[in-house]
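*Asks:* Residue numbers are given in the working numbering: position 27 of the sequence shown equals residue 448, and the series is strictly consecutive.
A virtual CB, placed ideally from N, CA and C, is assigned to each residue, including glycine.
The structure that follows is given in the form of structure tokens.
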Amino acid sequence: VQLQASGGGLVQAGDSLTLACAASGRTFGAADMGWYRRAPGKQRELVATISSGGIIKYGDSAKGRFTISRDNAKNTVHLQMTSLKAEDTAVYFCRDRRAMTPSYDYWGQGTQVTVSS
């Protein structure tokens with residue numbers, strides 16, 4: 422499975438940005454897709470995940486401002502981010518994880534989001 426993330430960039434505080442991640446080479450469905458981020462000097466943290474059935478989980482930093490969605494037919498996941506803050510500056514990683522056998526856990530290369538205040 423290969424994950425191609427896109428949509429990162431430099432924006433100003435208060436702006437919106439949408440990230441996209443496309444999974445290719447996947448043979449099995451029923452995988453959770455999601456976004457994590459690593460800010461400078463901090464550990465990687467959960468942003469949001471969404472199961473193949475549409476169950477969503479948000480990290481505390483994303484609640485109320487970010488929206489995750491997916492297109493199962495296209496194996497893509499999007500992260501719509503609004504009201505961006507300087508503290509949202511981080512490298513955002515896409516993840517494609519399947520817990521059921523055959524299980525797998527793949528990470529994308531990351532896309533940089535920089536929010537200037």
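(1) Give, in chain order, every unbroken run of the beta strand (DSSP E) that is at least 3 residues long and sits entirely within the segment 468-528.
(2) Rounded to a whole number of angstroms, what is the C-alpha to C-alpha distance between Ser473 and Leu500?
(3) For Gly485, tell me which candidate among Met502, Gln464, Met454 has the shortest Cα-Cα distance.
(4) For Met521, count the other beta carbons within 10 Å of its own beta carbon; 16 or more makes it buried, fewer makes it exposed. Which is it?
(5) Checking the sheet assignment: what are the DSSP bridge partners for Ser445?
*Replies:* Put simply:
(1) 477-479, 487-492, 497-502, 511-519, 525-528
(2) 15 Å
(3) Met502
(4) exposed
(5) Gln423
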